[in-house]
Every structure is written in structure tokens, then in C-alpha cells.
Amino acid sequence: MRRSARDTDESAAKVTRRGLFLGGSMAAVIAVLGARMRHMQVDQAEEFRLLAEDNRISIRLIPPARGLIHDRNGKILAGNEQNYRVVISRDDAGNVEDVLNRLSGILPISAEDFERALKEARKRSPLPIIVSDRLNWDDVSKVAINAPALPGVSPEVGLSRIYPRDFDFAHIIGYVGPVSDRDLARLDEPDPLLQTPKFQIGKIGVETWMEDDLRGKAGNRRVEVNAVGRVMRELGRQEGVAGADIRLTIDADVQNFVQARLGDESAAAVVMDVQNGDILAIASAPSFDPNLFVRGISHTDYNLLTENDHRPLANKSVAGAYPPGSTFKMVTALAALEAGSITTATSVNCPGHYDVGGRKFHCWRRGGHGKVSLDRALAESCDVFFYDIAMRVGIDKIAEMGRKLGLGERHDIPMSAITDGLMPDKAWKQERYKREWVIGDTVNASIGQGFVLASPLQLAVMTARIASGRAVSPRLIHSISGVAQPEDPGASLGLDASMLNAVRQGMYAVSNSQRGTGYSARIEDKALRMAGKSGTSQVRNISTAERASGVISNNNLPWIRRDHALFVGFAPFDAPRYAAAVVVEHGGGGSTVAGPIVRDALLRAMSDGLPPLSAYPASQRNRIDTQQRGLVLRDADGNLPESTRA
Numbered sequence: 000m001r002r003s004a005r006d007t008d009e010s011a012a013k014v015t016r017r018g019l020f021l022g023g024s025m026a027a028v029i030a031v032l033g034a035r036m037r038h039m040q041v042d043q044a045e046e047f048r049l050l051a052e053d054n055r056i057s058i059r060l061i062p063p064a065r066g067l068i069h070d071r072n073g074k075i076l077a078g079n080e081q082n083y084r085v086v087i088s089r090d091d092a093g094n095v096e097d098v099l100n101r102l103s104g105i106l107p108i109s110a111e112d113f114e115r116a117l118k119e120a121r122k123r124s125p126l127p128i129i130v131s132d133r134l135n136w137d138d139v140s141k142v143a144i145n146a147p148a149l150p151g152v153s154p155e156v157g158l159s160r161i162y163p164r165d166f167d168f169a170h171i172i173g174y175v176g177p178v179s180d181r182d183l184a185r186l187d188e189p190d191p192l193l194q195t196p197k198f199q200i201g202k203i204g205v206e207t208w209m210e211d212d213l214r215g216k217a218g219n220r221r222v223e224v225n226a227v228g229r230v231m232r233e234l235g236r237q238e239g240v241a242g243a244d245i246r247l248t249i250d251a252d253v254q255n256f257v258q259a260r261l262g263d264e265s266a267a268a269v270v271m272d273v274q275n276g277d278i279l280a281i282a283s284a285p286s287f288d289p290n291l292f293v294r295g296i297s298h299t300d301y302n303l304l305t306e307n308d309h310r311p312l313a314n315k316s317v318a319g320a321y322p323p324g325s326t327f328k329m330v331t332a333l334a335a336l337e338a339g340s341i342t343t344a345t346s347v348n349c350p351g352h353y354d355v356g357g358r359k360f361h362c363w364r365r366g367g368h369g370k371v372s373l374d375r376a377l378a379e380s381c382d383v384f385f386y387d388i389a390m391r392v393g394i395d396k397i398a399e400m401g402r403k404l405g406l407g408e409r410h411d412i413p414m415s416a417i418t419d420g421l422m423p424d425k426a427w428k429q430e431r432y433k434r435e436w437v438i439g440d441t442v443n444a445s446i447g448q449g450f451v452l453a454s455p456l457q458l459a460v461m462t463a464r465i466a467s468g469r470a471v472s473p474r475l476i477h478s479i480s481g482v483a484q485p486e487d488p489g490a491s492l493g494l495d496a497s498m499l500n501a502v503r504q505g506m507y508a509v510s511n512s513q514r515g516t517g518y519s520a521r522i523e524d525k526a527l528r529m530a531g532k533s534g535t536s537q538v539r540n541i542s543t544a545e546r547a548s549g550v551i552s553n554n555n556l557p558w559i560r561r562d563h564a565l566f567v568g569f570a571p572f573d574a575p576r577y578a579a580a581v582v583v584e585h586g587g588g589g590s591t592v593a594g595p596i597v598r599d600a601l602l603r604a605m606s607d608g609l610p611p612l613s614a615y616p617a618s619q620r621n622r623i624d625t626q627q628r629g630l631v632l633r634d635a636d637g638n639l640p641e642s643t644r645a
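According to numbering that gives the first Met the number 0, the residues represented by the sequence shown are 0 to 645, in order.
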């Protein structure tokens, strides 16, 4: 059938309208696409260029070299050693767990490190994650050879802390360890460097107190990576700023000698310059190897340290608070002299005990000392003399003098857990116990017992102030980045010279009078002679029945119940230069145990090497020579004898 002309015209019109509609729609779409392309290619060109650059370029932090720590003569105490490690970038690795599984087939990765790396990856941190460190060159080579199968994985060379003099400086310098949440919480401002996995900061000692100086500022490097996250080349680098180098006042050789001299005792010793407060040695025994903590200490090693009854992790030199015993008697004497309660000629009769309110306070010598004045009371350590003069002057004046000599004060040096000690008075007891101070408290305090507590550092400061007559303060930091830290010789104590001289003469008699309690620990060389004071502090109560039958000797008691042995001294007597204090926990007699250590420490500080045998009494030289030759000391390069190395 033939269509009419009208039908043909209507069909053509429909086609034309459809074509116009479709053509218009297509033109509109093309126009929109064109406009969008122009917007993206022209208006947003810079933005997309940067995005593309970010996909190709990775910015990575460069941890700075940690500052070095030296002794006063420039010997390295804390340094840095090269450390090979393997890192993984979460963004470049893709499936981190899959890559780690492949990597563990090449390197020995512990389950702990594997889980830690996964945990860090889940935090979606852009920073590279350290999977394994302290690798040898063979391990690094294996990773490099298998690089195509390990996207996002790359070997790096970093620096790790090392302590070449390990045990000698563990309590002074401390050690570094991984950043904890607690460390981050203490920061005033966040530091991106501390977010770096396995980055280490100071944990105790100088390492933590001088952290801001030692850490330095991070640098960065721009690297080009390919589609699988492999680093292709380094495009730029901005070096960080190394941490400041710190020089201590410690003499490494004196420190080594003192640490060795303490031996296996649970003890502490401090040697300081009485003229400027510089600490030459500050030792705590037994010690530990801080390198174990840097590398990650095992549970076995850690348990050995924590279960040791001699507490090697405790820094007894500054954190230990002990009854000072008879080393406190100089404080009582100076308080009574300054208050005018006694004169240097005052004498007291000692029958072996002192009666107060129906209670007897005993002298260490059961039969008493008879009539004694200040010099003999110090030399022979007569307790009754100090009981008597303490009752005259009172506890508040004694406490005031103790604080003037540095007791009950926290000395500001960069070491951890420094104790304030305790210099009690009437107000303290009322506040602490809500009870009145009683006469017996004063009697006990007069000989450094009762509530009185002091650290070896405080006892050394006390001795230095008596020797110099000035309020000298301890100093541990000699310089930072070559800039010397200020010395403070201290203002005058304001004590009458005749009073100080009377106490010093009594201390001289302790070490140099045949009746002195420290005579066996004397220095024979007249130019180097020492003035000292022994002390024995009780850690147990002695019952009336035991006194009647005879006090049990320390040798017959378990170690933990024996008295602490203490001794303080300064030398040379005629021109004081160094002061020392030693506490030997449960050591027994201060004069026989702690006295010889103080003598040897002072002699070592005054000598270029081992103390000369001529400084010792002739009858002791053979024994001293054998003892000195038996000490495990470091050589000129700081190395221990080959036979002592693990």
C-alpha cells in the first residue's frame, strides 16, 4: 500500500524533532564535559599536579644524631653506633600482613615484632614502621635482593645508643628506651619525631633530665617511589640538627675506681670537690648494664635484677635515705656551739648511759667514756656527750643547722629519684603524725637516729660545707655544647671560724688519733691526711634483755638485720679539696667497712692513678697492694680486662 504525501511529511517532521533533541542533548553533555575538563585541566591543574606529586613523592623524617655524653676529660660515656634496620611504609605496602609474612620468610622476625608492626600499621600512621633492627649486613642484603616481592619494604641505616662504660655509669647516665604513652602525655607540645616507631628517649638519669638538649631536631628527605612503593631515588634532603653534647663533672677513672672499690656490697659512694661542688664520682652498687635496656631486656635478665636483694636498679647514692648515725654528730655540735649552749671547752661525764624521764639511752661503749669534751667526743664517738648537749640546744636549732649543712634538702642535679631525706623538727612531727615532739625524739636525733634520714649525696654535701665553711652545692653538668655551666662556690655559712675549726679538729682526731674510731683507715702521708667521722646506724631495736645479756654482734645476725656502715671525710686536712661519703647497707661497723673505702676514694681523687702505697700505714701496705691489684679496673681506653668480658 502506498503512503500518502501527508503521512510522509509527518514522519519526516518527527525524525527531525527527534534528531534535534538527541543532537541537543549530546551537545549539552559534550559542553558539560568540556567545561569540566577545562576546570580540571586549567582551574584545578595545580591541585591535581600536587596530588600526583604526592603519589610519587614520599616525605620521610630523618631522626637526628643523639648528643654525646662525656666525662670531664672528654671520654665517651654515651655514644651512638651504626644500626641496620628494615622499615615498611603502610601506604606503599598495600596488604601489610601479607608483606610481613613474606618478609618473615627472609628475616627472623619475632612474633612480638610482627604483631607490633601490624598494630602500628592499623594506626594508619604515614611514618615508616621499623620491623626489625640491629641487623647484620647479610640480612640487609637478603632484603635488597628480594625487593621486588616486598613492596613498601626498605633497609635503612640509623644510629643506636651505646654505653661503652656500662656498669660504671648506669645510675648516672641511665638509658634510653621506646617512647611510651606516658612520655607523650608529659609533653607540652607534640613532637612528630616521637611518633616514629621504636624511636628512643631518655628513661632515667642524665638521659631523661637532659632529653630536650640531647634529642636534637629531626630532618627530612624527599624520595621518589614507584607503583609498588619501592624507593627509586632521593630527590632532596634537609639534615636535622644533632643533639647537644654534654660534658659531666665526673672523672671516669675515679668513678671506675670507686665503683670497683664498692665491690659486691650493697652500697653507695659520693666524691665531690669542696671548692666548687663538682661531683667526681657518684656510685651505687651493685650496678647493671644499661645496654640491655636499649636493646630490649629479656624477662630473665630483668627478673635477675628485680629479685636481687641488693637492689641493683636502685640508685642508692641519691635515692637511698638512711639514718646517718654518728656522722650526724657534727650537726648537733655546731648547733650547740652556735646557740651558745656549749663552748669548745664544755665537758660531759659519760657513765655508759643517759637517763631521760626514767628511760636509759645507752652509749655504744657499755662502760662509758668518762669525762669527755667536744674533740674527744667526736674522736671516740661518745653518744652520751651528744645526748646531753642536744637536750640543751633543742631539736629546732639542730634541724636548722642540719638544713644549713644541706640535710633535708633535695639537691638539684639531673639524676632520677633524688630523695629529700628528712630533717625533722617539732612542727614536722605535729603535721605528719599529729603528735607532740618528745624528749626521746631529740635524744635519738642527736646521734642521727630516730626520724633523721639522709642520702650519701647529702652526707657528702654536709661534709663539703663543714670543710669549706661555704654553702657549696653539688654540680654534675660541666658544659653543654661547649658552653660551661656556672660554678657556685656558695655563700659563707655564717658560722664562727673557731666553731668550725673545733669540729674539724675533732674529725681529724677520728682518723689520726690512736683512740679515734677511724684510726685504722687513716692516711699516713702528712700532706694528704684525712679528717673523717664514722657512723653505724641501727636497723633493728635492741631489747633490754639483749643489752643485759650482751648485744648480738652483726656477724651473728642475718644480713638484712645488720647495722648500716657509714663514713664521711675530707682531705687534705690542711687545705680541703675533696669530700666523700660512703654508706654500706648492713655492712656493720662504719669505721672498719666504710672508712677504708672513703680513704681510698679520697686518695684516688688526689692521685693521677692508683693511690700510692706510701700514703697507707706501713703495716697495711701489703694487704692494700693485694687489694688494689685485685680491683677490676678499666685501661686507658676504657676497656675492661679480657678475662672479665662476657
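Glycine residues also receive a C-beta, built at the ideal position from the N, C-alpha and C atoms.
Between the stretch 152-160 and the stretch 71-85 there are three or more inter-stretch CB-CB distances shorter than 8 Å, so the stretches are counted as touching. If you look at D132, you'll find it in the beta strand (DSSP E) that goes I128 to L134.
Ranked by Cα distance from E210, the first of I245, G239, L234 and L601 is I245. The C-beta of R35 has fewer than 16 other C-beta atoms within 10 Å across all chains shown, which makes the residue exposed. The Cβ neighbour count for P147, taken over all protein chains shown within 10 Å, is under 16; the residue is labelled exposed. About 17 Å separates the beta carbons of L452 and A266, which is beyond the 8 Å limit, so they are not a contact pair. When DSSP states are grouped into helix, strand and coil, L373 belongs to the helix group. In the DSSP assignment, L458 falls within the unbroken alpha helix (DSSP H) covering P455 to S467.
Under the three-state reduction of DSSP output, K425 falls in the helix class.
In this structure, the alpha-carbon of V631 lies about 53 Å from that of D91. A straight-line Cα-Cα distance of about 22 Å links S340 and M461.
The shortest CA-to-CA distance from L527 to any of Q237, A184, E114 and S510 is the one to S510. By the Cβ rule, the stretch 360-367 does not count as touching the stretch 295-313, because fewer than three pairs are nearer than 8 Å. D138 and F566 have their C-alpha atoms spaced approximately 54 Å apart. Of the other Cβ atoms in all chains shown, fewer than 16 fall within 10 Å of the Cβ of L19; this residue is therefore exposed. The criterion of a C-beta distance shorter than 7 Å is not satisfied by S454 and G405.
Only residues of its own chain outside the window of five on either side were considered, and among them D599, L602 and R603 have a CB closer than 7 Å to the CB of P610, listed in chain order. Here E206 carries a helix assignment [DSSP, helix/strand/coil]. The C-alpha of G351 is placed about 39 Å away from the C-alpha of M605. Following the DSSP letters along the chain, one finds L247 in no alpha helix (DSSP H) but inside the beta strand (DSSP E) bounded by residues I245 to L247. When secondary structure is reduced to three states using DSSP, R115 falls in the helix class. DSSP places T305 in the helix class (H, G or I) of the three-state scheme. Cβ-Cβ distances below 7 Å link I129 to R84, V86, P196 and K197 in the same chain, with the five nearest sequence neighbours on each side left out; the list follows chain order.
Going by C-alpha positions, I465 is about 35 Å away from K202.
Within the same chain, F166, A169, L304, P311 and L312 come within 8 Å of F287 by CB-CB distance, once the 5 residues on both sides are set aside.
The alpha-carbon separation between A490 and T625 amounts to approximately 43 Å. Counting along the chain, F256 sits inside the alpha helix (DSSP H) bounded by residues A251 to L261.
Under the criterion of beta carbons closer than 8 Å, Y577 and M329 do not qualify as touching, at roughly 17 Å. DSSP, read as helix, strand or coil, puts H585 in coil. With the rule of 3 Cβ pairs closer than 8 Å, the stretch 585-600 counts as touching the stretch 513-533. Under the three-state reduction of DSSP, R220 is assigned to strand. Shortest Cα-Cα distance from G151 to any of I108, D97, L186 and D112 involves D97. In this structure, DSSP gives F569 an extended state, which the three-state scheme calls strand. Burial state of I551 is exposed, judged by a 10 Å Cβ sphere holding fewer than 16 other Cβ atoms. Taken through DSSP and simplified to helix, strand or coil, M271 comes out as strand.
Shown here for N443: same chain residues with a beta carbon closer than 6 Å to its own, the five before and five after excluded, namely G449 in chain order.
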